[in-house]
Amino acid sequence: MWIRRLILGVAVISLLACCGGPRDSAPASPSQAATDLATVRPETGFSGRILFQSDLDGDNEIYVLTAGGLTKLTDNAWDDRYPRWSPDGKRIAFSANPRGSFDLFVMGPDGKNLEAVTDTPEDELDVAWAPDGNSLVFTRDARRIPGGDEATWTVDLASRRAVEAVPGFHRSNGLADISPVTRGIVFTGKRRLGGWGIFYFDPRDESVRELAKGGGACRPRFSPDGRKIVYVSSAADGKGDIWVMNADGSAQERVTARDDTYDYFPSWSPDGTQIVFCSNARDKYADRGDWGLYLVSLAGREAVRLLDTPGRDVFPDWR
């Protein structure tokens with residue numbers, strides 16, 4: 003698809019761009035006037051805490067939105083991206099590039115107690131937590147290294163030991179999530195003779211099964227009870243829409259079907275009845291894109307805007 007994302011100072015990542023998403027042009031100037039966060043409120047009611055990434059003040063930083071307003075958790079001269087809550091809500095994992103390449107970090111829910119998890123020449127992106135909170139699954143992009151590729155890895159937080167998570171899948175794969183029930187890994191991948199699709203890796207026998215194919219299906223996320231998977235697909239109309247299927251790949255249903263908009267990066271509500279996602283619905287054709295956060299109920303299927311700041315608000319994670 004023609005929409006793509008650029009990571010600052012890094013070539014386009016083919017796996018991350020396989021199903022499109024916000025297209026970055028030149029980053030906003032860091033000298034621009036800071037947004038008064040005290041005036042920012044969600045546009046519709048919700049409960050819980052939603053992490054997301056935004057460049058509303060210039061650099062990509064991590065924010066948390068509640069019914070009471072918006073709080074900035076990071077404030078650095080580098081990029082902070084892909085935030086994810088730990089299962090107990092007491093830690094946040096994310097990617098940042100203070101040393102050039104993107105590494106994994108963990109911090110407290112208030113942005114304090116920062117810890118580095120990895121320090122490698124590869125880019126480590128799109129992190130998710132294991133159900134027990136003791137390890138992370140992530141995408142490692144080693145394509146800048148001769149012979150390297152994009153693959154799904156896990157890292158143990160105690161030992162910091164990282165291993166490839168999907169052995170035997172010898173093509174680009176990543177953008178993964180872990181089942182809270184089976185500990186199986188659902189991920190975006192590409193077969194040797196096929197296009198991008200969503201696959202499930204069963205750690206019990208190391209088998210891999212394709213769940214959704216075609217339409218650039220990608221970015222799967224398990225529901226809190228592990229029974230369903232939300233994902234992005236352009237199968238219906240050539241652009242990104244939010245879809246839901248059962249954990250075994252059956253009963254695939256299109257959730258958003260809005261004309262001329264691109265809907266991406268879905269995340270479940272804690273009770274599994276709603277989905278938060280990002281969309282360019284307000285400014286469909288802008289070069290830089292005007293990406294805001296939206297909510298959709300699985301019962302009503304009508305998307306409503308949750309937050310729309312001057313920046314690109316993307317990669318939400320709801321707890």
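The sequence shown maps to residues 3 to 321 in the working numbering.
Think of the CB as a built atom: it goes at the ideal place given N, C-alpha and C, for glycine as much as any other residue.
Burial state of residue i (16 or more Cβ within 10 Å)
i      : result
Ser161 : exposed
Ala288 : Any reading at Ala288 must be qualified, since the residue scores a pLDDT of 49, below 50, and its modelled position is unreliable; the value itself is stated next. Exposed.
Val306 : exposed
Ser49  : exposed
Val66  : buried
Asp59  : buried
Arg163 : exposed
Gly240 : exposed
Ala219 : buried
Asp112 : exposed
Arg221 : buried
Asp165 : Checking the sequence, you will find Val at residue 165 rather than Asp. With fewer than 16 Cβ atoms within 10 Å of its Cβ, Val165 is classed as exposed.
Residue i: first and last residue of the uninterrupted beta strand (DSSP E) it sits in
i      : result
Asp82  : Asp82 to Trp87
Pro222 : Cys220 to Phe224
Lys215 : Ser209 to Lys215
Asn248 : Asp243 to Asn248
Ser137 : Ser137 to Asp143
Pro318 : Asp315 to Trp320
Ala164 : Ala164 to Glu166
Pro268 : Asp265 to Trp270
Lys92  : Looking at the DSSP string, Lys92 is not in any beta strand (DSSP E), and its letter there is neither H nor E.
Phe201 : Trp198 to Asp204
Asp179 : Asn175 to Ile180
Val298 : Asp292 to Ser299
Glu304 : It is not in any beta strand (DSSP E) - Glu304 carries neither H nor E in the DSSP assignment.
Thr154 : Glu152 to Asp158
Val129 : Asp125 to Trp131
Val1   : Outside the shown range of the chain (3 to 321) lies residue 1, about which nothing can therefore be said.
Between the CA atoms of residue j and residue i - distance to the nearest angstrom
i      : j      : result
Ile15  : Leu177 : Note that Ile15 scores a pLDDT of 43, beneath 50, so its modelled location is shaky; the value from the coordinates is reported in the next line. Approximately 12 Å, taken between the alpha carbons.
Pro44  : Pro169 : 43 Å
Asn248 : Phe224 : 9 Å
Ser269 : Leu39  : 23 Å
Phe279 : Gly91  : 20 Å
Arg133 : Phe201 : Note that residue 133 is Pro in the sequence shown here, rather than Arg. Taking the straight line from one Cα to the other gives about 19 Å.
Lys215 : Val246 : 14 Å
Tyr84  : Phe267 : 10 Å
Asp227 : Asp204 : 17 Å
Integer Cβ distance of residue i from residue j, believed to fall under 8 Å
i      : j      : result
Ser103 : Thr122 : 7 Å
Leu213 : Val157 : With a Cβ gap of about 25 Å, Leu213 and Val157 do not count as contacting.
Ala154 : Thr141 : Here residue 154 is Thr; the residue named in the question, Ala, does not match the sequence. Confirmed, Cβ separation roughly 6 Å.
Ile244 : Val298 : 7 Å
Thr258 : Asn282 : That pair is no contact at about 12 Å.
Leu53  : Asp265 : About 19 Å separates the two Cβ atoms, so there is no contact after all.
8 Å Cβ shell around residue i - same chain, five flanking residues per side excluded
i     : result
Glu63 : Gln55, Ser56, Asp57, Lys74, Leu75, Thr76, Asp77, Asn78 and Asp82
Cβ-based neighbour list, residue i, same chain, cut-off 6 Å, excluding 5 preceding and 5 following
i     : result
Ala95 : Arg86, Val108, Val129 and Leu138
Cβ-based neighbour list, residue i, same chain, cut-off 7 Å, excluding 5 preceding and 5 following
i      : result
Trp131 : Arg86, Ser88, Pro89, Ala95 and Leu138
Thr37  : Leu58, Asp59, Thr311 and Pro312
Leu72  : Leu39, Val42 and Tyr65
Asp315 : Phe54, Ser56, Cys280, Trp293, Gly294, Leu295 and Leu309
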